[in-house]
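Okay, so here's the structure we're looking at.
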Amino acid sequence: MTTLRVAMIGHGFMGAAHSQGWRTAPRTFDLPAEPEMAVVVGRNAEAVAAAARKWGWAESATDWREVVARDDIDVVDIVTPGDSHAEIAIAALAAGKHVLCEKPLANTVAEAEAMAEAAEKAAARGIRAMVGFTYRRVPAVTFLGNLIAQGAVGRINHVRAAYRQDWLVDPEMPLAWRLQKEHAGSGALGDIGAHAIDLAQFVTGLRLEKVSGVIDTIVKERPLLDSGSGLSGTGLSGTAGDGKGEVTVDDIAIFTGRFESGALASFEASRFATGRKNALEIEISGDKGALAFDLEDLNSVQFYDRTAPADRQGFRKILVTEAEHPYVSGWWPAGHMLGYEHGFSHQVKDLVEGIVAGIDPHPTFADGLEVQRVLDAVERSSENDSAWVRIAVPVRAL
Numbered sequence: 001m002t003t004l005r006v007a008m009i010g011h012g013f014m015g016a017a018h019s020q021g022w023r024t025a026p027r028t029f030d031l032p033a034e035p036e037m038a039v040v041v042g043r044n045a046e047a048v049a050a051a052a053r054k055w056g057w058a059e060s061a062t063d064w065r066e067v068v069a070r071d072d073i074d075v076v077d078i079v080t081p082g083d084s085h086a087e088i089a090i091a092a093l094a095a096g097k098h099v100l101c102e103k104p105l106a107n108t109v110a111e112a113e114a115m116a117e118a119a120e121k122a123a124a125r126g127i128r129a130m131v132g133f134t135y136r137r138v139p140a141v142t143f144l145g146n147l148i149a150q151g152a153v154g155r156i157n158h159v160r161a162a163y164r165q166d167w168l169v170d171p172e173m174p175l176a177w178r179l180q181k182e183h184a185g186s187g188a189l190g191d192i193g194a195h196a197i198d199l200a201q202f203v204t205g206l207r208l209e210k211v212s213g214v215i216d217t218i219v220k221e222r223p224l225l226d227s228g229s230g231l232s233g234t235g236l237s238g239t240a241g242d243g244k245g246e247v248t249v250d251d252i253a254i255f256t257g258r259f260e261s262g263a264l265a266s267f268e269a270s271r272f273a274t275g276r277k278n279a280l281e282i283e284i285s286g287d288k289g290a291l292a293f294d295l296e297d298l299n300s301v302q303f304y305d306r307t308a309p310a311d312r313q314g315f316r317k318i319l320v321t322e323a324e325h326p327y328v329s330g331w332w333p334a335g336h337m338l339g340y341e342h343g344f345s346h347q348v349k350d351l352v353e354g355i356v357a358g359i360d361p362h363p364t365f366a367d368g369l370e371v372q373r374v375l376d377a378v379e380r381s382s383e384n385d386s387a388w389v390r391i392a393v394p395v396r397a398l
């Protein structure tokens, strides 16, 4: 069997999740190639060596450029903050490596455009690139999208999507990298709002045409970060040190959108939704029915069939744990639940299968660029009193 030797650049929260995927996927699914966890890269030699031991990487390194240039590396997995995505991905594609890059694709539209162009050129040489919108691969989400494609809700009238967390409600939460624009690009909008945007476009098959919204920073100064805690490098925790620094990203984003079909959508991304820990919700309403999903109940979807007799109408819960459901046949008997980490194994499965088949695994860098353009349009709308902003789509030469 072909071996794909993987280098992972970065080793924070997403490093742990991606490592789980690389370890588990080849032991769960019959993959057409064997991923090998060759090397993990980080800036601190001691910390990255500890990550390699803990997560099962064969070796560790501190210079990503040397690793990307190695002849024995086939796949580069990028889990660094957004400020380095473009440089690493473009270099890896130029070196002939397949690339998996965490979302959002980049910190700016210009960076995302350069990455998408590099991926398109690399694809002509048989090199594949994928962006890590992993929630697409929760079986219930994939199933929900399949139902919509089959006409379960009929013509889509509107979509409601929200991703809400509360980890920043405490004003003493330290100033981690996720709160600094130079590293993260944006705050709640880009970090979790990007998931809501991608999910809405993915499950409906529709593309947003224009948006109107507002973003805000609720706590504008926070204690400087002294040291990390929990999963190193998450940007989701830490110990406060002396002094304070400015928060340069948004805490909350609320916006409306119109799809090219004419359907309307509402979006919310918040890190100040008290009591909501990781609530990614989407509801699609159509003329024949409706579907809803909540990540905090990730093994099920809610389905309303408007064509049923009036005395039998109402949302009903479908448990997405049968072997016939997407990805589930590789796991446990019916009713035995999957968790957050399983999506990362499904991500590896789809990436490896795409590489071996010689087809672009989705979401592509072009898909990531589409989301980046929506993020940019929301920011520009907020700067202009929430005026509607059309999503820029370049005209390609025929």
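Residue numbers (the numbering used here): 1 to 398. Yeah, the Cβ is synthetic: ideal placement off N, Cα and C, and Gly gets one too.
Per-residue DSSP class, three states only, for residue i
| i | result |
| --- | --- |
| residue 87 | helix |
| residue 360 | coil |
| residue 274 | coil |
| residue 391 | coil |
| residue 232 | Confidence at residue 232 is low in this model, with a pLDDT of 40, below 50, so the placement of that residue is unreliable and no value is reported for it. |
| residue 338 | coil |
| residue 126 | coil |
| residue 96 | coil |
| residue 329 | helix |
| residue 306 | coil |
| residue 133 | coil |
| residue 254 | strand |
| residue 8 | strand |
| residue 261 | coil |
| residue 386 | coil |
| residue 245 | strand |
| residue 105 | coil |
| residue 289 | strand |
| residue 72 | coil |
| residue 120 | helix |
| residue 268 | strand |
| residue 322 | coil |
| residue 301 | strand |
Rounded separation between residue i and residue j - CA only
| i | j | result |
| --- | --- | --- |
| residue 140 | residue 335 | 13 Å |
| residue 400 | residue 167 | Not covered by the structure: residue 400. The range shown for the chain is 1 to 398. |
| residue 319 | residue 291 | 13 Å |
| residue 137 | residue 190 | 20 Å |
| residue 112 | residue 156 | 29 Å |
| residue 400 | residue 81 | Look at the range of the chain in this structure, 1 to 398, and you will see that residue 400 is not part of it. |
| residue 369 | residue 310 | 44 Å |
| residue 326 | residue 144 | 10 Å |
| residue 24 | residue 178 | 28 Å |
| residue 92 | residue 115 | 11 Å |
| residue 134 | residue 294 | 15 Å |
| residue 331 | residue 29 | 9 Å |
| residue 53 | residue 46 | 11 Å |
| residue 272 | residue 217 | 10 Å |
| residue 142 | residue 346 | 11 Å |
| residue 342 | residue 359 | 23 Å |
| residue 328 | residue 299 | 10 Å |
Proximity winner among the options, relative to residue i (alpha-carbon distances)
| i | options | result |
| --- | --- | --- |
| residue 59 | 68, 37, 387 | 37 |
| residue 77 | 4, 138, 31 | 4 |
| residue 94 | 134, 117, 22, 331 | 117 |
| residue 249 | 301, 286, 181 | 181 |
| residue 104 | 364, 385, 393, 389 | 364 |
| residue 288 | 354, 148, 212 | 148 |
| residue 153 | 204, 300, 108, 329 | 204 |
| residue 146 | 97, 135, 202 | 202 |
| residue 34 | 360, 352, 251 | 352 |
| residue 306 | 286, 244, 300, 389 | 286 |
| residue 357 | 303, 127, 342, 321 | 127 |
Where the beta strand (DSSP E) containing residue i begins and where it ends
| i | result |
| --- | --- |
| residue 158 | 156 to 164 |
| residue 210 | 208 to 216 |
| residue 316 | 316 to 319 |
| residue 295 | Note, residue 295: premise wrong, no beta strand (DSSP E); not H, not E. |
| residue 285 | 279 to 286 |
| residue 41 | 33 to 41 |
| residue 76 | 75 to 78 |
| residue 402 | Any question about residue 402 goes unanswered here, given that the chain covers just 1 to 398. |
Start and end residues, alpha helix (DSSP H) containing residue i
| i | result |
| --- | --- |
| residue 195 | 194 to 204 |
| residue 402 | Any question about residue 402 goes unanswered here, given that the chain covers just 1 to 398. |
| residue 376 | 365 to 383 |
| residue 139 | 139 to 149 |
| residue 67 | 64 to 69 |
| residue 48 | 45 to 55 |
| residue 13 | 13 to 28 |
Near the ligand MN: residue i beta-carbon under 7 Å from a heavy atom
| i | result |
| --- | --- |
| residue 293 | Only the bare structure without any ligand can be found here, which leaves the ligand MN out of the picture. |
Inset, instruction - Take every Cβ of the stretch 276 to 290, pair it with every Cβ of the stretch 191 to 211, and state whether three or more of those distances are shorter than 8 Å. - result: yes
Legend entry - Segment contact flag, the stretch 87 to 94 with the stretch 157 to 172, C-beta cutoff 8 Å, min 3 pairs: no
Inset, instruction - Mind the definition here: the stretch 40 to 53 touches the stretch 62 to 73 only if three or more C-beta pairs lie below 8 Å; say whether that holds. - result: yes
Inset, instruction - Determine, using beta-carbon pairs with one atom in the stretch 205 to 212 and one in the stretch 365 to 382, whether at least three such pairs fall under 8 Å. - result: yes
Inset, instruction - Could you tell me whether the stretch 315 to 331 touches the stretch 150 to 161, where touching means 3 or more Cβ pairs closer than 8 Å? - result: no
Inset, instruction - Give a yes or no on contact between the stretch 18 to 29 and the stretch 49 to 58, applying the rule of three or more CB pairs nearer than 8 Å. - result: yes
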